[in-house]
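Each residue of the sequence shown is one higher than the last, beginning at 1086 in our numbering.
To start, the structure itself, in C-alpha cells.
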Amino acid sequence: MYPNLLAPLLILLAAALALLVLVAVRQPVARRLAFRQLARRRTEAALVIGGSVLGTAVIIGALVVGDTLNFSVRQEAYRTLGPVDERVVSPDGPTGRAVAERLAGLSDDHDVDGVLNAQVTQASGVSKPGARTLAEPRVLAWQMDFREASGFGTRGGDPGLGGPNPKPGEVVINEPLARSLRLGAGQPITLYLFGTPQAFQVDRVVPERGLAGVGLGGRLNHDAFLAPGTLESAARAAGGEPRSVTFVSNRGGVESGDALTARVTADIRQALSPDAGQTTIETPKHTVLREAEQAGDSIGALFIMIGSFSIIAGALLLVNIFVMLGEERKSQMGMVRAVGMKRSRLVSSFTLEGAAYALLSALPGVAIGVGVGWGVAVVAAEIFRGWSVGGSSIRIAFAVTPTSILNGIAIGLLIALAAILATSLRISRFNIIAAIRDLPASPGRRPRRRLLIVSGTLAVLCALVTVPAVARSQPDATYLMPALALAFATPALLRVLPRHATTNLVAGTVLAWTLLAPVVRPRIFDAPSMSVYVVQGALAAFSAVVLVSENQKVLLRPARRLLERPSESGLAARLAVAYPLAKRFRTGATLVMYTLIVFVLILLTEISGILRAGVDGVVADATAGYSLRLDYTPQASRDRFVSELRGGRSAAEIAAVTPLLNATGRATDPGQRSAQPLDAAVVGVPDGTVTGITFRERLPGLADDAAVWRTLASDPRYVVIDGFFGSTGGPAGDYYDPGDALTLTDPRTGRSDRKVIAGVLTNGMVFYPGAGSRSTTYPVVTSEQAARELFGDQAQNASALVRNRPGTSPDALAARLQGEQLSSSLVATPIESDVRRQFDSSTAFFRLMQGFLALGLGVGITGLGVVMVRSVRERRRTIGILRALGFRSRTIQRSFLWESAFIATEGIVLGSLLGVLTTWLMYSNSAAFEGLEGGFPVEWGSICGLAAATFAASLLATIGPARRAAAIRPALAVRVSE
C-alpha cells in the first residue's frame, strides 16, 4: 500500500540510520555505554523489544489488510475479464451486426491486441444431479468462436478459453455454473433460452478465468458457451434477437493494458461514428482496477486508523521505558557528566540504545504483522460473503507486497526513533550535583522569556487558524487547533497561575472541547476522514489522564479508610498508591496506553450495539411494507411477467406487485468528491406506488415524504438518492443535500439531463440492483416518465417490489417464485433477510476490528509489565530496607499486585467512560447514524467482560515482577553495589 510514500519514507529512514551510524563511529564512548546496557539487561531488553514488536506489527498488519483487499479486487480483472479491456454492447438486430463489422478494422490498430465478437442472452439453467432438482436463475448463454477466442489478446497472456467449439446439442460451462448445478462433463443440463427450455449435454467444464468468466458487469458469472448457430436459431424460434457484444483487448498484459484505455476508447468511438449513439462503450478493466485501489486504500486506512491507537501506545511504551532508564541511571549520568561528557553525547548514548531496540524488533514485527494480516483476511472473507448480493461479493485472497513491508518497517522505525530522541533530550536535562546525590528533581522554574515569546506567538497563530476551521467544521483542525492553542498558551498562564491550576485549566478545557465539539459543530463528522477519530480519541485520552494524574489525591479520598487502616492490607495499599502518586509522568503514560485502547474498544462495542438495536427500524425503512425484490430478464418475459405473477400459482400469497422501470446510466457526483462519472442504476417508479418509503432529508417546502413522491411524479427534473451515493468505503459522510444537482447521462446515446435532488432516502436498499451487480453502482430514483424521456427503449421493466399476504413466509415465497418463473431468470431477494444478514456482517466487521485492536491492548499490558519489572529493579534498595524493618514478603507482593490493579482500573474506567460518552455524542450528532432509531444502548455485558479480561491480564503481567520483588533478600538489596 501507498507506493507514493515509499521513496520519502526510505529516504528519511536512510538519513536517520546514516546519522546513527555516524554517531556510533565518531562517538565510541556513547556507543559502548549504549551496547553495554543492552547486554547487561537482557530480560528488560526482551520486554522492550516485545513492546516495540507489537507497534510495528500493527502498522504492517494494517498495510497487509489493504494489500489483500487491493489484490482481491484486482483478481476480478483476471477472473472475469482477462484480456478484455473494452466492451461494446450493441442493441439486438442489424445494428449489432453493423457494429461488429465496423470494429473488425481495429485489429490492425497498434494499440489493440485483438477484437472478438460474441452474442449473448440472459438464460437460466436446471440440472438433476440426483433425485433433487437444482436451478440457477442467472446464466449468461454465450455464442462465440473458440478458435478466435483462443487467439484473442494472447500477447498479454492466456485468454482463458480455447479448444474445439462445442458440437450441436453440447455446451461448455464454467466452474461457477458447474458448482451451482453440481455438473460435470457428460451430464445433462436444461437451459431456458428466450423463455424456451432446451436440453444440452456438458462437453467440458472450464476454469473461471478470462473469457471463461466473462460477464456484463457482475463479479460472479455463470457462463454457458453454446455451439455456433445455437443461440441464433433459438432466438429466431422465439421471435427475438441475442445481444451483440464486441470485446477489445489492448496491447499489454491484464493490468498494463489499462494504460491505453482512453486512447483505444477514442479509436472505438471514431470507428463507430454513425452507430455510436446506439451502442454502449464500457471500460470494465479500468473500472475494476480503480475500484481495487479505492477499496484497498479505504479499508487499509480504516485499519491504520484503528491501529493508530496501538501505535501511539507503543510509542508511549518506549517513552516510559526510557524515562525509567533515565531515573535508574541518574547517578551514573550525573557522574559521566561531571567528568566532562557533553549533554549531546549522553543523548547519543540513549538514542543508540533505543535504536538498537527498535532495529531488533523490526523483523519479528514483520512476521507478526504478516500473520495478523493473514488472520484478518481469513475472517474478512466470511464477512464479505455476508455482504454479497447474489453471490457477487469480493473473493478475499491473501496478499502482501514488498512496498507495504518496507513502508511498515520505515514507519515503525521512524516513530520509534522520534520517540526515543525526544525522550533522550528530556531525560538528559538535569542538575549534575542533584543527580550524583540521587536527589529528587527540583520544581520547574518559571518559563524563560524566549520560550514565552515563541509559545505565545504559536498560541496566537493557532487561535487565528481555529476561527475559520471551526466556522467551516473542518474535522481535524476543529479538534486540534484549539488544543494546540491552549497548550502553547501554558507558559504564559504559568506566569499568572499556579502550576496545578494551570494544568487543570488547560487539560479540562481540552477535554471539554473534545467532547462538546460534535454538539457545537455537528458537521465535523460529515467528511469520512479517518484521522478525525484518531485526533479526537488521542486528545480525549491525553487530557483526561492529565486531569486524573493531577488530582489523584482527590480521587483517592473515598479510599482513605483503607489506606489509613493500621493493618497489613492497609500498609500494602499505601505502598501500592505511593509510587504512582510520586511518579506521575510514567504513571500517566501507562494510563494513556490503557485509556486509548479501552476507549476505542468500547467505542466499537457501542457502535455494534447501536447497529443491533437499530436493525428493526432499518428493516422497516428498507422494506416500507414490501417483502421481496424481484429481478428478471425482460427479453424472456416479454412484458408478461407482472400479469403472470398476479395470476400465477402463488397469486394468493401476493398482496401487491409494483413494477420498476430500470436503465443503466452515468451520474456526476453531487458531493463533488470525484470528477469521474459514477455508475448509476436508474429506477423509474410508477406514480403513487411507493409513498411509504421515507426520507431523512427533503427539499425545503415539501412538508412530508408523500410530497417528495408527488414532486417526483409531476416534475421530471427531480430525482431522489440515498445517503451512500458515491461512497467508496468507510463512513458515508454528508456531502450533498436536497436542492443539489447532478447530471444523469445515457451512456448509449450520450444524452444528458441536469437533475435536482428532491430528497435523500432514509434507506434505499430496495432500489439497489441485485443479482451480481457491482458494489459501486448507485440507484437514482425518478418517475417512469422521466426515465423513458431520457433513456428511451433502454428503460425496461426488469424488477419489481412485492408485498406478501399475512401469514406467508417471504423466504418460502421467494423460493417458489424462482421455481415458477425460471424461464424469466427470476432472482427473488427477501428484503428483510438481506438487511439482517448485512447487519450481521457489519457487526462481525466491528468484532474483527476489535480483535485487531487487541494488539494495542497487548502493548498496554506489556507496558504495565515492563514498568513493574523496571520498578522492582529501581526500588530494590527500598524493598530491602522494608524487608529489613520487618515487612513480610507477602505484603511486598500484594503491594505490587495492587499497584498494577490501581493503574489498570483507572485506565479501564477512564477509557470506558470516554468511549460510552463519545459514542453517545456521535450517535446524537453524526449523519452516519441517521436512520438508526433503536436508541442508544449501553452494552453493559460486553463492557464488563472487556474490563474483567483486561484487569485479569494486567494482574497476570504483574505476577512475575511481584514475586521477584517479594523474593529480594534484604542483606543483598541494601548494599550499594549489586
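Ideal placement from N, C-alpha and C gives every residue a C-beta, glycine not left out.
With the rule of 3 Cβ pairs closer than 8 Å, the stretch 1328-1348 counts as touching the stretch 1170-1184. Across the structure, arginine 1375 and asparagine 1155 are spaced so that their CA atoms are roughly 10 Å apart. Here tyrosine 2008 carries a helix assignment [DSSP, helix/strand/coil]. The Cβ neighbour count for aspartate 1919, taken over all protein chains shown within 10 Å, is at least 16; the residue is labelled buried. For alanine 1929, there is no enclosing beta strand (DSSP E); the enclosing alpha helix (DSSP H) covers residues 1916-1959. Between aspartate 1193 and glycine 1238, the C-beta spacing is not below 7 Å. Between threonine 1575 and leucine 1139, the alpha-carbon positions lie close to 34 Å from each other.
Annotation: the stretch 1311-1338 contains the following complete segments of the alpha helix (DSSP H) (minimum length 4 residues), in chain order: 1315-1323.
DSSP, read as helix, strand or coil, puts arginine 2054 in coil. Alanine 1883: member of the beta strand (DSSP E) spanning 1881-1889, first to last residue.
Measuring C-alpha to C-alpha distances from alanine 1572 to each of Pro1553, Pro1603, Leu1537 identifies Leu1537 as the nearest. Around proline 1214, the same chain offers Arg1267 as residues with beta carbons nearer than 6 Å, after the five sequence neighbours per side are excluded. In terms of Cβ geometry, glycine 1419 and isoleucine 1521 form a close pair [threshold 7 Å].
Minimum Cα-Cα distance from arginine 1731 among the listed residues Ala1623, Leu1886, Ala1216, Pro1253 corresponds to Leu1886. In its chain, beyond the 5 residues on either side, Ala1400, Leu1403, Val1404 have a beta carbon closer than 7 Å to the beta carbon of alanine 1504. Between glycine 1280 and serine 1908, the CB-CB gap stays under 7 Å.
Going by beta carbons, isoleucine 1977 and alanine 2050 fall inside the 7 Å limit.
By the neighbour-count criterion, in which 16 or more other beta carbons inside 10 Å mark a residue as buried, isoleucine 1806 falls on the buried side.
Isoleucine 1481: not part of any beta strand (DSSP E); DSSP gives it neither H nor E. Excluding the 5 residues flanking it on each side, glutamate 1367 has same chain C-beta neighbours closer than 8 Å at Glu1171, Arg1172, Val1173, Val1174, Gly1302, Pro1832, in chain order. Measuring C-alpha to C-alpha distances from leucine 2057 to each of Thr1963, Phe1810, Ile1397 identifies Thr1963 as the nearest. In this structure, DSSP gives isoleucine 1134 a helical state, which the three-state scheme calls helix. CA-to-CA, the gap between cysteine 1547 and valine 1804 works out to about 43 Å. Positions of the alpha helix (DSSP H) runs, each at least 4 residues long and wholly inside the stretch 1392-1450, are given as 1415-1423 in order along the chain. Its chain contains Thr1675 as the residues whose beta carbon lies nearer than 6 Å to that of valine 1952, once the 5 sequence neighbours on both sides are disregarded; these appear in chain order. The continuous beta strand (DSSP E) containing lysine 1840 extends over residues 1837-1846.
Cβ atoms of arginine 1968 and proline 2055 come within 8 Å of each other, at about 4 Å. Beta-carbon to beta-carbon, valine 1550 and alanine 1562 are separated by about 7 Å, close enough to satisfy the 8 Å threshold. Between the C-alpha atoms of glycine 1210 and serine 1235 there is a straight-line separation of about 26 Å.
Proximity of the stretch 1979-1987 to the stretch 1655-1663 meets the contact definition, three or more beta-carbon pairs being nearer than 8 Å. Per DSSP, reduced to three states, the secondary structure at isoleucine 1682 is helical. Put simply, the backbone Cα of valine 1149 is about 28 Å away from that of alanine 1130. As DSSP reads the structure, proline 1282 sits in a beta bridge with Tyr1277. In this structure, the CA atom of isoleucine 1145 is about 40 Å from the CA atom of threonine 1587.
For the 7 Å CB-CB criterion, leucine 1763 and glycine 1835 do not form a contact.
Counting the other Cβ atoms within 10 Å of the Cβ of proline 1854 gives 16 or more, which makes it buried.
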